[in-house]
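Chains as they are written, first to last, in my numbering: chain A, 49 to 200; chain B, -6 to 295. Before any comments, here is the structure.
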Amino acid sequence: MRDVKQLSVSGIKNGTVIDHIPAKNLFKVISILGLEKFDNRITFGTNLESKKLGRKAIIKVAGKTFVDDDVNRIALVAPEAKLNIINNYKVVEKYNVEVPKEIIGIARCVNPKCITNHEQIITRFTVIPGNEIALKCRYCEKITDQEHLNIR
Amino acid sequence: MKSRSLVSINDYTKEEILKILNIAAEFEAKPEPELLNGKVISTLFYEPSTRTRLSFESAVSRLGGRIVGFTDSSSSSVSKGESLKDTIMTVSNYSDLIILRHPLEGSALYASEVSRVPVVNAGDGANQHPTQTLLDLYSILKTQGTLENLNIFLVGDLKYGRTVHSLLMAMSHFNTTFNFISPKELQMPDEYKLYLNELGLKYYEHSDFTEIISRADIIYMTRVQRERFSDPMEYEKVKNIYVLRYAMLENTKANLKILHPLPRVNEIHQDVDKSEKAYYFTQALNGVYTRQAIIASILGLK
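Structure, rendered in structure tokens:
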């Protein structure tokens, strides 16, 4: 038998569990998905032990399934993330995030002389394939690497 | 090319490049002082670049067009804090084409996205300056009779020089052999070398060119700037290697021409000016014909 008290925090009846988020990027994921504006019940845990990531975070959003485009945007900061779609307490679908070809309006260009850092412009980057995520700015053509990645 | 902005040299295919160069030759052979009658061209120069601005304004004037605009942002509404978007939206009501020079990178592409009329990039920071590249190509074509199978020497600052990067991209259509001559600190970036590898084009890297200069069809000189070196000693060691002097031209090919985007400082000694191989001033004149061709083509008049 499950502990009912624990269930109220960690289990959800219907919704999405996003697992394997690097702990340091939890709040970036929250911000990219716009969770701070959600009315649904959301629970998260961070600094959990993970063999793969060292410290991971997990987010559970009740009553919400995300569309692919939404979710793939978090690949920038959580490329290993896994999504579990929950229906009636059971995992009905699992999938990994995929890095999209184009990133629109999330990241900031690293180049201080890029026009996007001076005018109100929705940034657009093409994703350069490789182990580490690197983004090429549509406007100034400079490359922003993982280390300098800034989410706005 | 009609109604299409020109932001980057990569916006044009090989055929489109050749078409522009053809039109430039037509303008050189036969001026058309009435062609732009009734047309208004804006020149928006957010930073001073007298040479480029005069070249564009001369190109428009010699075709009979009118010019509105500003020559530096302190004398315009920009100094009141107007955004680039608002300026472009407004000015596109007043003119048939906008020529934009701006210190920020990507500004020309952004302007072309918000403008109702085509935008020609006259330099966006360290990023692109496609009309310079087209006038370089016109100069090469005019002096060599062809763009195919040439041996081009790019000399000086190959790391930061946007003109050499754009020229490389454009010349890669024409089976060019490249010789890169630069100090180690200022070598051609890997991305361009990889690009040439993919195309199967030959390139060679050197730190000095006195030995090999006899092979060159075109020498394209750029300035090695002191501020690019983290160690001033390194600059002192190399600064004279990349200065072209008259005596060095002794055993060079008869068809060799020396190009430079100007302004030059000391990288081409003034004694080279007397050589018929010195072409940089005529190159600047070619800029007028090339810019006429670009404007006429975008306005659908050629």
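The beta carbon of each residue, even a glycine, is placed where N, CA and C say it ideally should be. Quick caveat, the model's predicted, so the values are computed rather than measured.
Where residue i falls, given that 16 or more other Cβ within 10 Å makes a residue buried
i	result
residue 170 of chain A	exposed
residue 182 of chain B	exposed
residue 226 of chain B	exposed
residue 192 of chain B	exposed
residue 50 of chain B	buried
residue 215 of chain B	buried
residue 276 of chain B	buried
residue 285 of chain B	buried
residue 134 of chain A	buried
residue 6 of chain B	exposed
residue 126 of chain A	buried
residue 157 of chain B	buried
residue 61 of chain B	exposed
residue 116 of chain A	exposed
residue 52 of chain A	Because residue 52 of chain A carries a pLDDT of 47, less than 50, the predicted location of this residue cannot be relied on, and no value is offered for it.
residue 83 of chain B	exposed
residue 64 of chain A	buried
Min CB distance residue i to chain A below 7 Å
i	result
residue 86 of chain B	no
residue 150 of chain B	no
residue 168 of chain B	no
residue 120 of chain B	yes
residue 99 of chain B	yes
residue 161 of chain B	no
residue 134 of chain B	no
residue 103 of chain B	yes
residue 125 of chain B	no
Cβ separation of residue i and residue j, assumed to be a contact under 8 Å, to the nearest whole Å
i	j	result
residue 121 of chain B	residue 101 of chain B	7 Å
residue 52 of chain B	residue 288 of chain B	6 Å
residue 300 of chain B	residue 178 of chain B	Residue 300 of chain B is absent from the structure shown; chain B starts at -6 and stops at 295.
residue 45 of chain B	residue 119 of chain B	Between residue 119 of chain B and residue 45 of chain B the Cβ distance is about 15 Å, and since that is not below 8 Å, they are no contact.
residue 262 of chain B	residue 237 of chain B	7 Å
residue 110 of chain A	residue 62 of chain A	7 Å
residue 166 of chain A	residue 97 of chain B	6 Å
residue 204 of chain B	residue 180 of chain B	Not a contact, Cβ separation roughly 18 Å.
residue 88 of chain A	residue 112 of chain A	5 Å
residue 168 of chain B	residue 142 of chain B	5 Å
residue 123 of chain B	residue 76 of chain B	That pair is no contact at about 24 Å.
Same chain only: Cβ atoms within 6 Å of residue i, ignoring 5 sequence neighbours per side
i	result
residue 107 of chain A	66 and 92
residue 81 of chain B	104, 107 and 108
residue 201 of chain B	234
residue 293 of chain B	-5
residue -2 of chain B	105, 111 and 112
residue 283 of chain B	17, 127, 128 and 131
residue 94 of chain A	71, 74 and 105
residue 78 of chain B	107
residue 163 of chain A	187
residue 195 of chain B	170
residue 41 of chain B	65
residue 217 of chain B	149, 150 and 235
Any C-beta of chain B under 7 Å from that of residue i
i	result
residue 184 of chain A	no
residue 196 of chain A	no
residue 163 of chain A	yes
residue 137 of chain A	no
residue 150 of chain A	no
residue 38 of chain A	This structure leaves residue 38 of chain A out entirely; chain A is present only between 49 and 200.
residue 187 of chain A	yes
Contacts around residue i, its chain only, beta-carbon distance under 7 Å, and the 5 residues preceding and following it disregarded
i	result
residue 110 of chain B	85, 88, 89, 90 and 91
residue 28 of chain B	56, 57, 289 and 294
residue 264 of chain B	238 and 239
residue 253 of chain B	214, 261 and 273
residue 172 of chain A	150, 152 and 186
residue 154 of chain B	215
Chain-order list of residues whose beta-carbon lies under 8 Å from that of residue i (same chain, five-residue window excluded)
i	result
residue 267 of chain B	239
residue 182 of chain A	175, 176, 191, 192, 193 and 194
residue 50 of chain A	For residue 50 of chain A, the pLDDT reaches just 48, beneath the cut-off of 50, and the residue's location in the model is therefore unreliable, although a value from the coordinates is still provided. 59.
residue 180 of chain A	193 and 194
Taking one C-beta from the segment 84 to 101 of chain A and one from the segment 155 to 169 of chain A each time, how about it: are there three or more such pairs within less than 8 Å?
-> no
Evaluate contact between the segment 259 to 277 of chain B and the segment -3 to 10 of chain B, counting only Cβ atoms and requiring at least three cross-stretch pairs below 8 Å.
-> no
At least 3 beta-carbon pairs within less than 8 Å: the segment 197 to 215 of chain B vs the segment 233 to 251 of chain B = yes
On the three-pair Cβ rule with 8 Å, is the segment 155 to 167 of chain B touching the segment 225 to 236 of chain B?
-> no
Per the contact definition of three or more C-beta pairs closer than 8 Å, is the segment 8 to 16 of chain B in contact with the segment 27 to 41 of chain B?
-> no
Is the segment 137 to 153 of chain A touching the segment 119 to 126 of chain A in the sense that three or more CB pairs, one from each, lie closer than 8 Å?
-> yes
Sufficient close CB pairs (3 or more, under 8 Å) joining the segment 147 to 156 of chain B to the segment 172 to 190 of chain B = yes
If we count Cβ pairs, one from each stretch, closer than 8 Å, do we get three or more for the segment 92 to 106 of chain A versus the segment 61 to 78 of chain A?
-> yes
Where the segment 54 to 79 of chain B meets chain C: residues whose CB sits under 8 Å from a CB there | Although the question refers to chain C, the structure presented lacks it and instead comprises the protein chains A and B.
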